[in-house]
Structure formats: C-alpha cells, structure tokens
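Numbering (our numbering), first residue to last: 829 to 1227.
So, in structure tokens, the structure goes:
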C-alpha cells in the first residue's frame, strides 16, 4: 500500500489514512465511526453492527441494543434494556451514564453509581475536578484544582511539583511557599539583645535612666529637700589629715577657762550688738528659747554688685596649754595648726556685725554640745540663707 503523497508518514512509513485509531478493523480513511468502543462488532463502515448486538456476545445473559429513559429530576437512567457492555461479561447496565458499570463486583465497577463522575485514580465513577481523584477525599484547599490532589503535610499546598502553587517542601508544614522559615545562624556577634535590636535596647535603657533622674528631681522638689543645707559630707575644712589634731582642736574649744590660762572663752553676749538681748533665742520665734542673732533688715544686694569675692582664711595656731593631772603636775598639750577657708563675699557689708554675733553664738553652742544639724536649722530660721549659715558655722567653729 502506497502512502498518499499529500500525507506525512510516521516512523513506520504510514500516513494518517492508513491507520485504525479505534481498532475496529476499519482504516481511518474509510471509518465512518472513528470512535467506536473497542471490541464492539462493527459493519463495513466502522459503525456498531446493531444486528450483531442481538447476540449475547459476552455470555452474561444480557443482549440487544442498549436503551433507557432519563429521570428528569435525578438525571439517572431508568428502564434500561439491552447490554451496555456487550463485550464485558461482568457489566451490563450504567445507571448514571459515566461509563462504569453498576455491578459492584464486576470489572471497573462504578463506586459512585448515582454520580456521573469521571474519577479513575482512587475511586471509579465519582465526582472529580478533572484530575481523576475523587473530590470528596481531596484536601479542601485543592478542590476545583485539576493540577493538585494530594497534600501530605496538610499545609495547604499540593504535592504535585508541576501543578499550580506547588509545595516546595512537601512533608514539612510551611508558610507562604510551603517551607518553614529559615533559621538565622549567628556567624558573628549577635545583632539583637533579648530579641530587640541593639539600638532599640540602648534607647530603652537611656530612656529609663532619664525617667528615673526626672522622678528623683521631682520627688526632691515635692519633699522640699532644699529648705535646709545639711551637707554632712562637707568635712574637708582642715588641711591636716590627722584625726588626733581635730580631736585636740575640738577639746580646746570645749575646755573651761579655768583650765586654759592661755585663752579664755568670752561670754555669749560680749560680741553681739548692743541692741540684741543676751538671750540665745532668735527674734520672732520666742518658743524656741535659744538661737543665733538674725541677719540685718536691709535686703541683700545681688552677688553681682559686690566689688569682688572676699575670702577669709582663719588660722588656729599651735599653742601650748597646761592641764593638771590627778597628782597636781602640769602637763603641756600641744595643738597643731588647722586652716579653714570661708567665702565672705556672700555677705553684704551691713551684715558684718550680725555675722560676727552669729559666729560667736555658734562657738558657744558647739561648746555646749549642740549638734551641727540643730545649729544650722536655727541659723536659717533666723533669716540666714543655707550658704550663709554654712559660712557662719565654719567661722564659729574655727574660733
């Protein structure tokens, strides 16, 4: 047989007209029914031979041309006559018309006999989305997707790598592409602290410190800690580091005039202005019972109006004092030199007399055993500022 010149030949040298695609024995160029079911008896035109169907070809007890009526409500076939599968001895009727026989124990049995389905992979004759897998048992996310049907890790992405939205990491529950987020390995120093970037962490620490400082300042203002100046740490009045020298100096201030012929303590009212009463109580506060002289009435000029900063340097020279011991012997005690600096520029010129009187009062109060805190409070209550009270206290202590 010669291949027509106008037809291309395949590897076997045959043209399209020389082939039999439905395998019914009739070549394509003469076959009037090119899609006849394989095995069905056909006539010379390649179509089913109706007369041959009157014979039970497969021996299943059913023969003749297959016919039926359709239920308008369910769409299923009813009143089936003849053999729908004349060459299959195990099947004869097809209620839903999907090509799979209704006999469940036969070959290619319809597992969904009332569903016109085309599934052929896991179940036969059931609804599917064109991928051959029954939709009922497909993951919900893959239904209506003819390219995906299985999702073993249940992350919503199909395992078919050639389908749409494939799972790039099948078997692992993943994220946007089906794969888990990659763990960042620390190849150097960590860029975070407790999960926070270093810059953010530093900002939080700095803000916390600033807030703490503000809280402390506000609390000090609310409590009024600046009303009195009790700087207990300001103990560096003396240049001598010897603790014994300070003890000797204080003992000389407290010594009785009878036991120290070299110097005697003046009376508490000797250096005060004539207008001041001898009482130690501050004016305007009679309930106190004792206190230093107050500062003068005229208002104090601003520090900028002073001609210059005046500093008073008070020296306590080394002197010899004589005390008698229990046996009547005279014992000399030598006191070493102590130096103290006092800034007098904080006082106005008209406050000199009041300042000296207050310093003498401080001297006497220290001799009487008064504490520094009490002395400072009484000085400020009589009108002296905290800085002036400190200077007066230093002057009185050095005398």
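The beta-carbon is built from N, C-alpha and C at its ideal position, and this holds for glycine as well.
Here the structure is a predicted model, which means the values were calculated and not measured.
- Within the same chain, Cβ atoms closer than 6 Å to the Cβ of residue 951 are found at 939 and 962, the five residues on either side in sequence being excluded.
- Collapsing the DSSP output to three states places residue 856 in coil.
- Contact between the segment 922-930 and the segment 868-883 is not established, with fewer than three Cβ pairs separated by less than 8 Å.
- In the structure shown, the three-state DSSP call for residue 851 is coil.
- Closest option to residue 941, judged by alpha-carbon separation, among 924, 935, 956 and 933: 924.
- Assigned with DSSP and collapsed to three states, residue 1046 falls in helix.
- The beta carbons of residue 859 and residue 874 sit closer together than 8 Å.
- Within its own chain, the residues whose Cβ lies closer than 6 Å to the Cβ of residue 869, once the five positions on either side in sequence are excluded, are 877 and 880, listed in chain order.
- According to the DSSP secondary-structure assignment, residue 1021 is paired through a beta bridge with 1024.
- About 13 Å separates the CB atoms of residue 840 and residue 848; that is not less than 8 Å, and the two are not in contact.
- Separation of residue 887 and residue 915 (C-alpha to C-alpha, rounded to the nearest whole angstrom) is 9 Å.
- Its chain contains 1174 as the residues whose beta carbon lies nearer than 6 Å to that of residue 1215, once the 5 sequence neighbours on both sides are disregarded; these appear in chain order.
- Residue state for residue 908 is assigned as strand, using DSSP reduced to three classes.
- Taking C-beta atoms as the reference points, residue 947 and residue 956 count as a pair closer than 8 Å.
- Boundaries for residue 898: no alpha helix (DSSP H) harbours it, while the beta strand (DSSP E) harbouring it runs 895-898, taken from the DSSP string.
- Under a 10 Å Cβ-count criterion, residue 885 is classified as buried, with 16 or more other Cβ atoms of the shown protein chains found around its own Cβ.
- Within the model, the alpha-carbon separation for residue 1213 versus residue 1030 is close to 42 Å.
- Contact check for residue 975 against residue 959 passes: the beta carbons are separated by less than 8 Å.
- Cβ neighbours of residue 895 within its own chain (closer than 7 Å, five residues either side excluded): 909 and 910.
- Assignment of residue 1201 by DSSP, reduced to helix, strand and coil, places it in the helix class.
- According to the DSSP secondary-structure assignment, residue 876 is paired through a beta bridge with 870.
- Residue state for residue 1182 is assigned as helix, using DSSP reduced to three classes.
- The three-state secondary structure of residue 1225, taken from DSSP, is helix.
- With 16 or more other Cβ atoms inside 10 Å of its own Cβ, residue 979 counts as buried.
- Short of 6 Å from the beta carbon of residue 919, and not among the five residues preceding or following it, lie these beta carbons of its own chain, in chain order: 913, 929, 931 and 934.
- DSSP, reduced to helix, strand and coil, places residue 962 within a strand of the structure shown.
- Secondary structure at residue 986: strand, using DSSP grouped into helix, strand and coil.
- Residue 1039 sits exposed, since fewer than 16 C-beta atoms from the chains shown fall within 10 Å of its C-beta.
- Beta-bridge pairing by DSSP links residue 956 to 962.
- Secondary structure at residue 1034: helix, using DSSP grouped into helix, strand and coil.
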